[in-house]
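In what follows, a structure is listed as structure tokens, so that the remarks can point back to it.
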Amino acid sequence: MAQTAESIGANVFQFFTRNPRGGAAKPIDKADVAAFLKYAEEKGIGPILAHAPYTLNAAGAEPRVREFAEEVMVDDLKRLELTPGAMYNFHPGSHVGQGTEKGIELIAGHLNRVVSQVGKVSTTILLETMAGKGSEVGRSFEEIRAIIDAFEGQVKPSNNPNDQTILGVCLDTCHVWDGGYDIVNDLDGVLSAFDKIIGLDRLKAIHINDSMNVFEAHKDRHEKIGKGKIGLEAFGRIVNHPKLRDLPFYLETPCDLQGYKEEIALLKGLRK
50 MAQTAESIGA
60 NVFQFFTRNP
70 RGGAAKPIDK
80 ADVAAFLKYA
90 EEKGIGPILA
100 HAPYTLNAAG
110 AEPRVREFAE
120 EVMVDDLKRL
130 ELTPGAMYNF
140 HPGSHVGQGT
150 EKGIELIAGH
160 LNRVVSQVGK
170 VSTTILLETM
180 AGKGSEVGRS
190 FEEIRAIIDA
200 FEGQVKPSNN
210 PNDQTILGVC
220 LDTCHVWDGG
230 YDIVNDLDGV
240 LSAFDKIIGL
250 DRLKAIHIND
260 SMNVFEAHKD
270 RHEKIGKGKI
280 GLEAFGRIVN
290 HPKLRDLPFY
300 LETPCDLQGY
310 KEEIALLKGL
320 RK
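Counting from 50, one number per residue, gives the positions in the sequence shown under our numbering.
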């Protein structure tokens, strides 16, 4: 993966820890891990971002659904301890009719159990901002903040002291646009709101995607950079904004490898 990233001009990359729809992960190859760490250091690649399977739902109504999410995340985080400095991104979950407050409670409890089972966790866990379709939790900065507060409120003094700072946020440009945050016409205002509600110190990564949808559509259809409703001019402001420019950006656009190479060159060309 590091070699592929370097071949298309990337210096960070995101990957799925296993099949995006769930299932078992491949066994760890210690020699491959060592080779990756050496290559990444030589080429200046990182931080890498692991993405949890889409099927994880920490806020599910059925116990078996929540248990599956817990098992997978515990396994993923244990494996990520082999690649220091990595981050782990996941969709907070969907309350499926239980209500947002119950969903937040379940997600916070899930995270606490996961961290307790893993033990020492050096990987930063990222809550992804969501577009607000269906019963998604995390559709607003307030909901993300509520998850963080609920998680940290459950941490016991005897637990790992790092637990209280382990949670960060991945801001998805398509999702926040679809969710009602106008990053096209009021990027400063959106970032000020994020800082006031969550804190920019929590913002660790950007999913940089255009959107097929109009503002506040609450859908979630990614588009190629500059080909959607957000547009190239807005992305120029995003990649150059002093509060964002030093963060790692990860593409999730509907492209093949050559398409990603072209988009990376396009985005680098927007940098001032």
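Glycine residues also receive a C-beta, built at the ideal position from the N, C-alpha and C atoms.
Could you please give the first and the last residue of the uninterrupted alpha helix (DSSP H) stretch that includes Thr222? Per DSSP, Thr222 is one residue of the alpha helix (DSSP H) stretching across Thr222 to Gly228.
Is it right to say Gly142 is buried, meaning 16 or more other beta carbons lie within 10 angstroms of its own, or is it exposed? Under the 10 Å beta carbon count, Gly142 is surrounded by 16 or more other beta carbons and is classified as buried.
Return the chain-ordered ranges of every beta strand (DSSP E) run that is complete within the stretch 271-319 and spans a minimum of 3 residues. Those beta strand (DSSP E) runs which fall completely within the stretch 271-319 and span 3+ residues are 298-300.
Which residue's Cα is closest to the Cα of Val170: Lys182, Lys127 and Asn60? Shortest Cα-Cα distance from Val170 to any of Lys182, Lys127 and Asn60 involves Lys127.
What residue range does the beta strand (DSSP E) around Tyr137 cover? First-last of the beta strand (DSSP E) with Tyr137: Met136 to Phe139.
I need the DSSP call for Lys253, collapsed to helix, strand or coil. Lys253 falls in the strand class under three-state DSSP.
Excluding sequence positions up to five away, which residues of its chain have a Cβ less than 7 Å from the Cβ of Ala73? The residues are Arg67.
Contacts around Ser189, its chain only, beta-carbon distance under 6 Å, and the 5 residues preceding and following it disregarded: If we look at Ser189 and ignore the five residues flanking it on each side, it has no Cβ neighbours.
In the DSSP assignment, what are the bridge partners of Thr173? Answer is Met136.
What number of angstroms, rounded off, separates the C-alpha of Pro112 from the C-alpha of Arg286? Going by the C-alpha atoms only, they are around 44 Å apart.
Under three-state DSSP, which class holds Val218? Strand.
Kindly confirm or deny that the stretch 236-244 and the stretch 151-162 touch, where touching means at least three C-beta pairs closer than 8 Å. The stretch 236-244 is not in contact with the stretch 151-162.
Are there three or more Cβ pairs, one per stretch, closer than 8 Å when the stretch 225-234 is compared with the stretch 147-155? No, because fewer than three Cβ pairs between the stretch 225-234 and the stretch 147-155 fall closer than 8 Å, the two stretches do not touch.
In DSSP terms, what Val186 is bridged to: Gly142.
The alpha helix (DSSP H) spanning Gln52 covers which residue range? DSSP places Gln52 in the uninterrupted alpha helix (DSSP H) bounded by Ala51 to Ser56.
Asp124 by DSSP, collapsed to three states: which one? In the three-state reduction of the DSSP assignment, Asp124 falls in the helix class, which pools H, G and I.
Is Ile94 closer than 7 Å to Ala135 when the C-beta atoms are compared? Against a cut-off of 7 Å, the Cβ pair of Ile94 and Ala135 comes out as no contact.
Using a threshold of 7 Å, state whether the C-beta atoms of Ser260 and Gly275 are closer than that. At a Cβ-Cβ threshold of 7 Å, Ser260 and Gly275 do not count as neighbours.
Give every residue of the same chain whose Cβ lies closer than 6 Å to the Cβ of Arg251, excluding the five residues on either side of it in the sequence, and list them in chain order. The residues are Gly217 and Val218.
Excluding the 5 residues flanking Pro206 on each side, which residues of the same chain have their C-beta closer than 8 Å to its C-beta? With a pLDDT of 45 at Pro206, under the threshold of 50, the predicted position of this residue should be treated as unreliable, and no value is reported.
Using C-beta distances below 6 Å, list every residue in its chain close to His100, excluding the 5 sequence neighbours before and after it, in chain order. Answer for His100: Gln63, Phe65 and Asn138, listed in chain order.
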